[in-house]
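Colleague: Here the protein sequences line up with chains A and B, keeping their order. Counting in our numbering, the first sequence runs from 33 upward without gaps. Counting in our numbering, the second sequence runs from 7 upward without gaps. Note that beta-carbon positions come from the ideal geometry of N, C-alpha and C, so glycine has one too. Please read all numbers here as calculations on a predicted model, not as lab measurements.
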Amino acid sequence: MQILTFLLKDERYAIDITLVNTIENKMPLTPVPNSKKYVIGLISNRGSVIPVINTSLMLDDKDINNIFEKFIIISIGNEKLALAVNEIDDVVEIEEKNIENINNDEDFSIVNVNSNVITLLTYKQLKKI
Amino acid sequence: MSNDFSEISNVNKKNLDELLHLVEELVINKVRIEKMKNEVSDSSHGKILDQELRIISEIQASIKKVRLIKIKTLTNSLESLVSNCCTEYNINVDLIFSGQETEIENTLIIYIHNILNYLIKDICASEFAAFKNESNQIKVTTYSDGKNFTMVIESNGKGFNYEDTCEKLNKKNLDLISFEEDEVKKFLNIINFTNNFEEFLKLRLDLIYLDGSMEFESVANEFMRLTIIIPLTSSIMQGLLVTIGDQIFAIPLDFIETIINKNTVKTKKSKNIEMIIYMDHIIQLVRVSDLLKIEAISEPSCIIIVKSNNKRAALLVDSLLDQTDMVIKHKHSIMMDIGEIKGTTILGDGLVTLVLDIPSILKEI
Chain A
33 MQILTFLLKD ERYAIDITLV NTIENKMPLT PVPNSKKYVI GLISNRGSVI
83 PVINTSLMLD DKDINNIFEK FIIISIGNEK LALAVNEIDD VVEIEEKNIE
133 NINNDEDFSI VNVNSNVITL LTYKQLKKI
Chain B
7 MSNDFSEISN VNKKNLDELL HLVEELVINK VRIEKMKNEV SDSSHGKILD
57 QELRIISEIQ ASIKKVRLIK IKTLTNSLES LVSNCCTEYN INVDLIFSGQ
107 ETEIENTLII YIHNILNYLI KDICASEFAA FKNESNQIKV TTYSDGKNFT
157 MVIESNGKGF NYEDTCEKLN KKNLDLISFE EDEVKKFLNI INFTNNFEEF
207 LKLRLDLIYL DGSMEFESVA NEFMRLTIII PLTSSIMQGL LVTIGDQIFA
257 IPLDFIETII NKNTVKTKKS KNIEMIIYMD HIIQLVRVSD LLKIEAISEP
307 SCIIIVKSNN KRAALLVDSL LDQTDMVIKH KHSIMMDIGE IKGTTILGDG
357 LVTLVLDIPS ILKEI
């Protein structure tokens with residue numbers, strides 16, 4: 033399977049490439065009042081309105097004043113989401129057997145790529161957003 | 007000579023949805039092309055843009071017809087629902103479905119299906135199951151006159167006493183749209199439609215937004231009838247754009263009664279609630295910036311009096327911007343619990359604008 037790796041600050045993360053729709057440069061956002069903290073705004077992309085997720089905040093609950101440069105637009109079920117990230121890294125081919133769950137928690141997977149440990153965002157985890 | 011063997015060709019719904027989506031994109035770009043056209047000086051470029059605009063308008067018009075679906079598509083699902091209810095309550099129910107050729111927009115069909123689904127379940131549970139008649143009948147009739155879509159659901163069960171019920175609720179008629187939420191609950195209790203309160207209330211709220219109507223009629227031991235009317239022009243609305251803090255919001259024009267300058271009315275405070283007096287009405291003033299927790303950057307200058315369901319509120323906003331046609335898109339599931347927002351719309355500049363949910367704001371105050 034292929035994964036798309038990206039950077040949040042200096043940390044590398046990855047996502048299954050079949051979930052990825054497109055990658056966009058950052059663009060003006062419309063903030064959403066009274067929304068969940070990690071929703072930083074809305075963008076319009078090819079006729080759909082897509083919420084943009086502060087990926088750092090979603091992943092480790094810490095408010096970092098991160099300036100995002102890229103939006104990874106993904107499809108979850110029938111809806112789209114944009115993950116705000118610092119930088120797109122690479123597309124890597126991995127063996128599915130190299131994916132490991134931490135503490136038997138299916139929502140939290142890591143993968144070993146050339147002896148680098150990368151956190152892999154899973155469909156289940158993204159579906160919960 | 008035509009070689010067509012059939013007038014109808016089968017199209018995969020997914021392909022059609024994709025096509026519709028692309029047209030939507032084109033329509034959103036149309037406003038931008040119009041802007042561009044006014045800016046180009048070269049007349050030959052202007053001509054091409056003009057042609058493009060005409061083509062987009064034509065595509066838009068013909069795709070509208072494609073979007074229509076016949077009510078007939080619901081038949082199978084309703085029939086199986088009725089037969090499920092029959093087995094569950096051990097009763098016999100005839101479903102008579104007329105007006106199946108009526109055409110309605112793709113997006114509304116799910117809504118219609120939900121209403122029918124809910125009602126048929128409750129009719130079976132409270133009308134038929136409790137009183138095991140020999141012949142139970144549910145009659146669904148739909149028709150459309152181009153402006154309104156009407157659906158009548160009639161059952162021959164025990165019904166209820168219309169006058170008594172009106173009296174109990176202190177109402178002249180049972181037009182549920184004009185009821186308060188508590189009154190609707192009370193009414194559903196009286197007629198014993200208690201299976202799914204929340205769902206019914208949600209359907210009713212949607213109907214208020216579509217500017218529809220919903221009225222019960224009944225004669226005890228004879229029939230009960232619910233008439234639902236939905237205007238067909240509801241997917242595109244006129245909206246007023248206002249600024250609040252540094253953001254732009256849209257308010258559907260249908261809910262706006264009038265707009266007044268803040269300096270021309272006096273506000274009064276009582277128990278921390280601000281009010282204005284306008285045309286003999288005392289109306290509560292709502293600071294929208296507080297409601298949405300947006301930092302104010304200037305002193306609000308406009309009061310917009312909105313009305314829905316016979317309730318009014320005076321919305322205080324920073325300034326008015328423009329009036330525009332808008333296509334309201336559904337809220338993303340991530341925003342579902344934000345009551346103040348009805349949906350989103352994409353304006354000519356490509357930016358997303360939030361549409362305020364006036365009935366829900368009025369309900370909260």
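Mapping DSSP to helix, strand and coil, what is Pro365/B?
Modeller: Mapped onto the second sequence, residue 365/B falls at position 359. Reduced to three states, the DSSP call for Pro365/B is helix.
Colleague: Whose CA, out of Asn315/B, Val323/B, Ile236/B, Val248/B, lies closest to the CA of Glu111/B?
Modeller: The residue given as residue 111/B occupies position 105 in the second sequence. Nearest of Asn315/B, Val323/B, Ile236/B, Val248/B to Glu111/B, Cα basis: Ile236/B.
Colleague: What residues of chain B sit near Val123/A, judged by a beta carbon separation below 8 Å?
Modeller: Looking up residue 123/A in the first sequence gives position 91. Within chain B, no residue comes near Val123/A; the closest Cβ sits about 26 Å away, beyond 8 Å.
Colleague: Assign Thr351/B to buried or exposed, taking buried as 16 or more other Cβ atoms, counted over all protein chains shown, within 10 Å of its Cβ.
Modeller: Here residue 351/B corresponds to residue number 345 of the second sequence, with the count starting at 1. By the neighbour-count rule (16 or more Cβ atoms within 10 Å), Thr351/B is buried.
Colleague: Taking the alpha carbon of Leu122/B as the reference point, which residue from Asp331/B, Met220/B, Phe185/B, Ala135/B has its own alpha carbon closest?
Modeller: Mapped onto the second sequence, residue 122/B falls at position 116. The residue with the shortest Cα to Cα distance from Leu122/B is Met220/B.
Colleague: CA-CA distance, Asp56/B and Lys43/B?
Modeller: Within the second sequence, numbered from 1, the residue matching residue 56/B stands at position 50. Within the second sequence, numbered from 1, the residue matching residue 43/B stands at position 37. So the two alpha carbons sit approximately 8 Å from each other.
Colleague: Report the three-state DSSP secondary structure of Tyr215/B (helix, strand or coil).
Modeller: Locating residue 215/B in the second sequence gives position 209, counting from the first residue. Looking at Tyr215/B - three-state DSSP - the assignment turns out to be helix.
Colleague: Using a Cβ cut-off of 7 Å, which residues of the segment 70–99 of chain A contact any Cβ in chain B, in chain order?
Modeller: Answer in chain order: Val71, Leu74, Ile75, Ser76, Arg78, Gly79, Val81, Pro83.
Colleague: Could you give the first and the last residue of the continuous alpha helix (DSSP H) run that contains Phe193/B?
Modeller: Here residue 193/B corresponds to residue number 187 of the second sequence, with the count starting at 1. Note, Phe193/B: alpha helix (DSSP H), 187–196.
Colleague: To the nearest angstrom, how far is it from the Cα of Lys192/B to the Cα of Asn179/B?
Modeller: Taking the second sequence and counting its residues from 1, one reaches residue 192/B at position 186. Taking the second sequence and counting its residues from 1, one reaches residue 179/B at position 173. The alpha-carbon atoms of Lys192/B and Asn179/B are separated by roughly 14 Å.
Colleague: Thr249/B and Leu327/B - do their beta-carbons sit closer together than 7 Å?
Modeller: Within the second sequence, the letter at position 321 stands for residue 327/B. Within the second sequence, the letter at position 243 stands for residue 249/B. Yes. Within cutoff.
Colleague: Could you check if Gly109/A is buried or exposed, using at least 16 other CB atoms within 10 Å of its CB as the buried criterion?
Modeller: By 1-based counting over the first sequence, the position of residue 109/A is 77. Gly109/A should be labelled exposed.
Colleague: Comparing the C-beta of Met341/B with each C-beta of chain A, is any distance below 7 Å?
Modeller: Taking the first residue of the second sequence as 1, we reach residue 341/B at position 335. Yes, its Cβ sits closer than 7 Å to a Cβ of chain A.
Colleague: Only counting the same chain, and skipping five residues up and downstream in sequence, which positions put a Cβ closer than 8 Å to that of Ile126/A?
Modeller: Stepping through the first sequence from its first residue, residue 126/A is reached at position 94. Once the five neighbours on either side are set aside, the close Cβ partners of Ile126/A are Met33, Gln34, Ile35, Val143, Val145.
Colleague: Between the Cα of Leu291/B and the Cα atoms of Asp170/B, Lys268/B, Val29/B, Ile303/B, which residue gives the shortest distance?
Modeller: On the second sequence, position 285 is the one that residue 291/B refers to. For the residues Asp170/B, Lys268/B, Val29/B, Ile303/B, the minimum Cα distance to Leu291/B belongs to Lys268/B.
Colleague: Among Ala226/B, Ile311/B, Arg293/B, which one has its Cα closest to the Cα of Thr264/B?
Modeller: As a working note, residue 264/B is residue 258 in the second sequence. Nearest C-alpha to Thr264/B: Ile311/B.
Colleague: Pick helix, strand or coil for Tyr124/B, following the three-state DSSP scheme.
Modeller: Taking the first residue of the second sequence as position 1, residue 124/B is located at position 118. Note: Tyr124/B maps to helix in three-state DSSP.
Colleague: Buried or exposed: which applies to Leu259/B, given that a residue is buried once 16 or more other Cβ atoms fall within 10 Å of its Cβ?
Modeller: Against the second sequence, residue 259/B aligns to sequence position 253. Result: exposed.
Colleague: Indicate whether at least one CB of chain B lies closer than 7 Å to the CB of Thr50/A.
Modeller: In the first sequence, counting from the first residue as 1, residue 50/A sits at position 18. Cβ-Cβ to chain B under 7 Å: no for Thr50/A.
Colleague: Give the range of the alpha helix (DSSP H) segment to which Ile4/B is assigned.
Modeller: There is no way to answer for residue 4/B, as the model of chain B reaches only from 7 to 371.
Colleague: Suppose contacts are defined by Cβ-Cβ distances below 7 Å. Is Val294/B in contact with Ile282/B by that definition?
Modeller: Against the second sequence, residue 294/B aligns to sequence position 288. Against the second sequence, residue 282/B aligns to sequence position 276. Not closer than 7 Å, so no.
Colleague: Say the cut is 6 Å; is the CB of Glu189/B nearer than that to a heavy atom of the ligand MN?
Modeller: Within the structure as shown, the ligand MN is missing, as the structure has no ligands at all.
Colleague: If the cut is a Cβ gap below 8 Å, which residues of chain A does Gln66/B touch?
Modeller: One-based indexing of the second sequence puts residue 66/B at position 60. Those within 8 Å of Gln66/B in chain A number zero; the least Cβ separation is about 13 Å.
Colleague: Can you pull the chain A residues whose beta carbon is under 7 Å from the beta carbon of Leu298/B, in chain order?
Modeller: As a position in the second sequence, residue 298/B is number 292, starting the count at 1. Near Leu298/B (Cβ distances below 7 Å), the residues of chain A are Pro65, Asn66.
Colleague: Throw me the rounded Cβ distance for the Ile300/B and Pro65/A pair, which I believe falls under 8 Å.
Modeller: Counted from its first residue, the second sequence places residue 300/B at position 294. Counted from its first residue, the first sequence places residue 65/A at position 33. Confirmed, about 6 Å.
Colleague: From this set, Thr148/B, Ile115/B, Lys127/B, Ser68/B, which residue's C-alpha is nearest Glu107/B's C-alpha?
Modeller: Here residue 107/B refers to the residue found at position 101 when the second sequence is read from its first residue. Checking every option, the nearest Cα to that of Glu107/B belongs to Thr148/B.
Colleague: Between Ile115/B, Val46/B, Val37/B, which lies nearest to Ile75/B when the distance is taken from Cα to Cα?
Modeller: If you number the second sequence from 1, residue 75/B lands on position 69. That would be Ile115/B, whose Cα lies nearest to the Cα of Ile75/B.
Colleague: Give me the Cα-Cα distance between Val225/B and Arg210/B, rounded to the nearest whole angstrom.
Modeller: In the second sequence, the residue the question calls residue 225/B occupies position 219. In the second sequence, the residue the question calls residue 210/B occupies position 204. Cα to Cα, the separation comes out at about 23 Å.
Colleague: What residue ranges within the segment 121–148 of chain A form continuous beta strand (DSSP E) runs of no fewer than 3 residues, ordered along the chain?
Modeller: Segments of the beta strand (DSSP E) lying fully in the segment 121–148 of chain A: 131–134, 137–145.
Colleague: Report the three-state DSSP secondary structure of Ile77/B (helix, strand or coil).
Modeller: Translated into the one-based positions of the second sequence, residue 77/B becomes position 71. In the structure shown, Ile77/B sits in a helix (DSSP, three-state: H, G or I).
Colleague: Could you spell out where the beta strand (DSSP E) holding Val33/B opens and where it closes?
Modeller: Counting from one through the second sequence, the residue named residue 33/B turns up at place 27. Segment 19–45 is the alpha helix (DSSP H) holding Val33/B; no beta strand (DSSP E) there.
Colleague: May I ask you to report which of helix, strand or coil DSSP gives Ser240/B?
Modeller: Residue mapping note: residue 240/B aligns to position 234 of the second sequence, counting from 1. Residue placement at Ser240/B is flagged as unreliable, the pLDDT there being 49, under the threshold of 50; the coordinate-derived value follows with that caveat. In the structure shown, Ser240/B sits in coil (DSSP, three-state: anything other than H, G, I, E or B).
Colleague: Asn273/B lies in the beta strand (DSSP E); which residues open and close that run?
Modeller: Reading the second sequence from its first residue, position 267 is the one you call residue 273/B. The residue asked about is misnamed: residue 273/B is Thr in this sequence, not Asn. That run of the beta strand (DSSP E) goes 273–276.
Colleague: Check Ile344/B in the structure and name its three-state DSSP category.
Modeller: Within the second sequence, residue 344/B is the residue found at index 338, counting from 1. DSSP places Ile344/B in coil when its eight states are reduced to three.
Colleague: Relative to the C-alpha of Gln253/B, which residue among Met332/B, Asn176/B, Met243/B, Leu357/B is closest?
Modeller: In the second sequence, residue 253/B corresponds to position 247, counting from 1. Selected option, being the one with the closest Cα: Leu357/B.
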